[in-house]
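Accompanying notes for the structure given below.
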């Protein structure tokens, strides 16, 4: 969304910039804009991994290797000047945001908060010396799976067994107590994802910023907490794919876009399962299946006919296997390059 890009890049408003910095470039060819790029120094990433990796993001370019070369050189030189010895991307702004270059699945529009790019972008990167560092998968659960009694009955049996065995309780989001509900997220998020490749902890202020951005589009019935002895030990979030409407508005929310968004919300038929995590002590105990079962049951009852699960690291075998067991189709691949 145009509005969100401006907001995210506002160094005075986005708390990401209290610890990190960015520089932006636009390339011109024959006096016409031909590409853009951002170079990002994420100090929290470098503290977490004890390295000097800089990032590039917000990359767009015409099909011209030389234009891309100029952009990558400018970004790379600035990162070197700021002490970095590696450049990774595309990342807008961190791995907690929009990540990866689309390399498979060009025939389907992107769901909300996922990137899209022309197919030739991969060649622009590889021709300029970039190599793959990690693939991220997007899986789609279609209506034939949602209505498959055998699949869903098995998922419900597993969910019931886990709930009974682990003595956990599943709660939905209470929008009337949003501050305390957000505190639950903060208690779980950094702990649950700490061992994931590339994960960078969010500060409290960053979580507040993200929550305020998502609040207008969240469906409280598709947000779940797993509670054990009164404390949150897991969290999942699915959101309606607002892109189905936003794309038709060319990404413009002003002056009347928000009204159109609200008016047409019921026409959305897809959700994105954007976040699903459990703290380490309770991982690999089936709680993920409880979240997925709860999400699918409610989504189906609300008339949704498809769900994208994204993104999943290629080597996150438990989540990949969960998607496969569910009958989900891997239909998009995003790639990070160094």
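Residue numbers (the numbering used here): 1203 to 1540.
We put the CB at the ideal spot given by N, CA and C, even for glycine.
Owing to the predicted nature of the structure, the values given are computational and were not obtained by experimental measurement.
Distance from the Cα of residue 1266 is smallest, within the candidate group 1289, 1297, 1416, 1229, for 1229.
Taking 8 Å as the upper bound for CB-CB distance, residue 1477 and residue 1508 are not in contact here, some 18 Å apart.
A direct Cα-Cα distance of roughly 7 Å separates residue 1500 from residue 1424. In the structure shown, the three-state DSSP call for residue 1516 is coil. Check the Cα spacing between residue 1383 and each of 1282, 1432, 1531: the tightest is with 1432. Looking at the DSSP output, residue 1472 bridges to 1508. Residue 1289 is positioned such that its CB atom lies closer than 8 Å to that of residue 1258. In terms of Cα proximity to residue 1218, the closest of 1237, 1231, 1247, 1236 is 1247. Secondary structure of residue 1395 (DSSP, three-state): helix. Shown here for residue 1493: same chain residues with a beta carbon closer than 6 Å to its own, the five before and five after excluded, namely 1426, 1438, 1478 in chain order.
Between the alpha carbons of residue 1486 and residue 1227 lies a distance of about 44 Å. When C-beta atoms of the region 1335-1344 are compared with those of the region 1504-1523, three or more pairs fall below 8 Å, so the two segments count as touching. Between residue 1444 and residue 1470, the gap from beta carbon to beta carbon is short of 8 Å. Distances from the alpha-carbon of residue 1255 to those of 1440, 1307, 1286 put 1286 closest.
Cα atoms of residue 1213 and residue 1294: separation of roughly 14 Å, rounded to the nearest angstrom.
By the CB criterion at 8 Å, residue 1311 and residue 1322 fall outside the cutoff.
In this structure, residue 1335 and residue 1539 form a Cβ contact; the two beta carbons are roughly 6 Å apart against a cut-off of 8 Å. If one requires a minimum length of 3 residues, the beta strand (DSSP E) runs lying completely within the region 1357-1428 are 1371-1374, in chain order. About 6 Å separates the beta carbons of residue 1491 and residue 1364, which is inside the 8 Å limit, making them a contact pair.
The bridge partners DSSP lists for residue 1522 come to none. With contacts defined as CB atoms closer than 8 Å, residue 1370 and residue 1428 qualify as a contacting pair. Annotation: the continuous beta strand (DSSP E) that includes residue 1435 extends over 1433-1442.
Just measuring C-alpha positions, the residue of 1225, 1488, 1314 sitting nearest residue 1361 is 1488. In this chain, the beta strand (DSSP E) harbouring residue 1339 covers 1334-1343. Going by C-alpha positions, residue 1284 is about 28 Å away from residue 1325. The DSSP-derived three-state label of residue 1235 is strand. Rounded to whole angstroms, the Cβ separation of residue 1528 and residue 1313 is 17 Å, and the two are not in contact under 8 Å.
DSSP, reduced to helix, strand and coil, places residue 1281 within a helical segment of the structure shown.
In the three-state reduction of the DSSP assignment, residue 1467 falls in the helix class. In the three-state DSSP reduction, residue 1354 falls in the helix class (H, G or I). Between residue 1407 and residue 1250, the CB-CB gap reaches or exceeds 8 Å.
Close CB contacts of residue 1482 within its chain, under the 8 Å cut and outside five residues either way in sequence, are with 1393, 1394, 1396, 1397 (chain order). Where residue 1493 is concerned, the enclosing alpha helix (DSSP H) starts and stops at 1489-1503. For residue 1367, the closest of 1235, 1524, 1536, 1484 by C-alpha to C-alpha distance is 1484.
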